[in-house]
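Colleague: All residue numbers for the sequence shown refer to the working numbering, where the first residue is 31 and numbers rise by one.
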Amino acid sequence: MIFEQIRVGGYRNFSYLIGDEKRDAAAVVDPSFSPQRVLEIAQNHGLRIIYIINTHSHGDHINGNHYLRAKTGAKILGYEGRGSDLDVGVKDGEVIELGTLKLNIIHTPGHSDDDICILVEGRLLTGETLCVG
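#1: In the DSSP assignment, find the alpha helix (DSSP H) that holds D145 and state where it starts and stops.
#2: Jot down the residue ranges of each uninterrupted alpha helix (DSSP H) in the segment 71 to 98, minimum 4 residues, whole runs only, in chain order.
#3: When you compare only the Cα positions, how much space is there between E124 and D90?
#4: Identify, in the order they occur along the chain, each residue of the same chain with its Cβ nearer than 7 Å to the Cβ of E110, setting aside the five sequence neighbours on each side.
#5: Spell out a yes or no on whether the segment 80 to 90 and the segment 55 to 67 are touching, meaning 3 or more CB-CB pairs, one atom from each, closer than 8 Å.
#6: Name the residue from I79, L77, Q73, N95 whose alpha carbon lies nearest to the alpha carbon of R85.
#7: Check this for me: beta carbons of H75 and G103, under 7 Å apart or not?
#8: Rounded to a whole number of angstroms, what is the C-alpha to C-alpha distance between A56 and S45?
#9: Sort R112, L131, I82 by Cα distance to S142 and report the nearest one.
#10: Report the three-state DSSP secondary structure of R67 (helix, strand or coil).
#11: For the beta strand (DSSP E) that contains A55, what are its first and last residues?
#12: Excluding the 5 residues preceding and the 5 following T138 in the sequence, name in chain order all residues of the same chain whose CB lies nearer than 7 Å to its CB.
#13: Tell me the residue span of the beta strand (DSSP E) that contains R42.
#14: Could you tell me the alpha carbon to alpha carbon distance between K132 and R153, rounded to whole angstroms?
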């Protein structure tokens, strides 16, 4: 598994690249301020981005969605009922298959009503479910 944290923007935002090198498939989580950089890193790993996943719908987490979808054809995923910008709405307990990897969705409302966490291979992506304060 490829799991890479990518610092983007000036607000301590992070995007994540999750990849299955066996199937050359990748997901980008919260493609924020530098989607071009995220795409370049995926390409350097030989990965094809098939999913763009948002931990919630705030602008500093979704503003790279449309750039990446236009460049890759990836589907945009987020919590169901969030809005029309999603290709696929996910719900609590759902499992997304990314090649041989399983991404487990956990609905964690708090910072926003549509917050989700993603559990993959013992790693938990929390987005802004927990904020430093």
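Using N, Cα and C, we set each Cβ at its ideal position, and we do this for glycine too.
Quantities reported herein were computed from a predicted structural model and do not represent experimental measurements.
Modeller: According to the structure data:
#1: No alpha helix (DSSP H) contains D145, which DSSP labels as neither H nor E.
#2: 89 to 92
#3: 25 Å
#4: G119, V120, K121
#5: Yes, the segment 80 to 90 touches the segment 55 to 67.
#6: Per the sequence shown, the amino acid found at residue 85 is Thr instead of Arg. Residue N95 is the option with its Cα nearest to T85.
#7: no
#8: For A56 and S45, the distance between alpha carbons rounds to 13 Å.
#9: R112
#10: helix
#11: Looking at the DSSP string, the run of the beta strand (DSSP E) that includes A55 is 55 to 59.
#12: D145, I146, C147, T159
#13: Segment: none, R42 is in no beta strand (DSSP E) and carries neither H nor E.
#14: 11 Å
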